[in-house]
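Notes follow once the structure below has been shown.
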Ligand SMILES: Cc1cc2nc3c(=O)[nH]c(=O)nc-3n(C[C@H](O)[C@H](O)[C@H](O)COP(=O)(O)O)c2cc1C
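Here you go:
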């Protein structure tokens with residue numbers, strides 16, 4: 198395989214697989230129901246890691262930032278994710294508590310975008326969520342210092358080893374900086390890719406009562 202980036206890019210395709218059809222006229226009245234349906238369908242279709250999502254935040258001056266995190270849940274309270282409050286994203290959320298999430302499920306040519314304000318769940322809830330996860334998740338959280346400058350790989354190896362030992366010894370070890378955040382959706386957009394580029398975009402916007410739905414040009 199060649200290594201010329203432009204050549205490689207020209208050789209690649211999207212929406213080149215059989216894609217499901219999506220009739221927005223039959224979509225449910227609220228975006229959480231549709232998200233839950235699409236998520237289950239992504240899992241059933243064999244989409245790898247459908248529970249990973251891009252999380253966009255912004256600096257105080259509005260400069261955007263983005264990274265991948267895991268989805269911890271989506272319910273009437275919002276879309277949940279967890280991280281260290283002292284990380285770069287945690288600091289950004291502390292001063293500008295708004296974010297956007299992006300899911301892409303290429304097996305079905307589907308994208309979901311969610312935007313809205315973010316709040317931190319009570320500490321006990323974040324700790325319970327962490328302790329219900331794997332030993333690796335607890336060890337990673339215990340390692341701490343996320344987004345700080347790392348002096349050397351050895352420093353990380355030492356801290357990680359200690360964290361793994363502690364996570365195994367003390368499965369309920371508290372990690373005070375670990376925080377569960379919830380994004381409260383103001384807007385949720387569902388995109389169904391189409392081989393003929395007649396993509397369907399259905400956006401839900403929160404109104405005083407319930408949700409308004411509109412189609413968007415692709
Ligand atoms: C697949 C995947 C899942 C990840 N999940 C999380 C997560 O749930 N929480 C988290 O803090 N970081 C997670 N990360 C690491 C983040 O992408 C990021 O490197 C880290 O949180 C630091 O981001 P920040 O400096 O913007 O705060 C994940 C990375 C990948 C590739």
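In this note's numbering, the protein residues as written are 198 to 415.
Virtual Cβ for every residue (Gly too), placed ideally from N, Cα, C.
Note down the Cα distance separating residue i from residue j, rounded to an integer number of angstroms.
i, j, result
"residue 302", "residue 238", "10 Å"
"residue 290", "residue 337", "21 Å"
"residue 415", "residue 390", "9 Å"
"residue 164", "residue 400", "For residue 164 there is no data in the structure shown, the boundaries of the chain being 198 and 415."
"residue 248", "residue 265", "10 Å"
"residue 378", "residue 251", "14 Å"
"residue 204", "residue 211", "16 Å"
"residue 386", "residue 309", "6 Å"
"residue 292", "residue 257", "7 Å"
"residue 240", "residue 288", "33 Å"
"residue 216", "residue 228", "21 Å"
"residue 200", "residue 208", "12 Å"
"residue 333", "residue 360", "9 Å"
"residue 353", "residue 218", "47 Å"
"residue 382", "residue 234", "17 Å"
"residue 347", "residue 279", "22 Å"
"residue 323", "residue 342", "18 Å"
"residue 375", "residue 395", "43 Å"
Is it the case that the CB of residue i approaches a heavy atom of ligand 1 more closely than 7 Å?
i, result
"residue 328", "no"
"residue 266", "yes"
"residue 272", "no"
"residue 308", "no"
"residue 280", "yes"
"residue 285", "yes"
"residue 332", "no"
"residue 218", "no"
"residue 262", "yes"
"residue 249", "yes"
"residue 246", "yes"
"residue 357", "no"
"residue 374", "no"
"residue 324", "no"
"residue 343", "yes"
Which term fits residue i, buried or exposed, when burial requires 16 or more other beta carbons within 10 angstroms of its beta carbon?
i, result
"residue 254", "buried"
"residue 340", "buried"
"residue 263", "exposed"
"residue 409", "exposed"
"residue 230", "exposed"
"residue 214", "exposed"
"residue 296", "buried"
"residue 366", "exposed"
Give the DSSP bridge partners of residue i, in chain order.
i, result
"residue 414", "Beta-bridge pairing links residue 414 to no other residue."
"residue 292", "Looking at the DSSP assignment, residue 292 forms no beta bridge with any residue, so it has no partner."
"residue 402", "384, 409"
(message) Report the start-end ranges of each alpha helix (DSSP H) in the stretch 209-287 that is 4 residues or longer and not cut off at the edges.
(response) 228-241
(message) Extract the residue ranges of the beta strand (DSSP E) inside the stretch 338-386, only unbroken runs of 3 or more that lie entirely within it.
(response) 375-380
(request) Pick out the complete alpha helix (DSSP H) segments inside the stretch 297-329, 4 residues or longer, and give them in chain order. (result) 320-328
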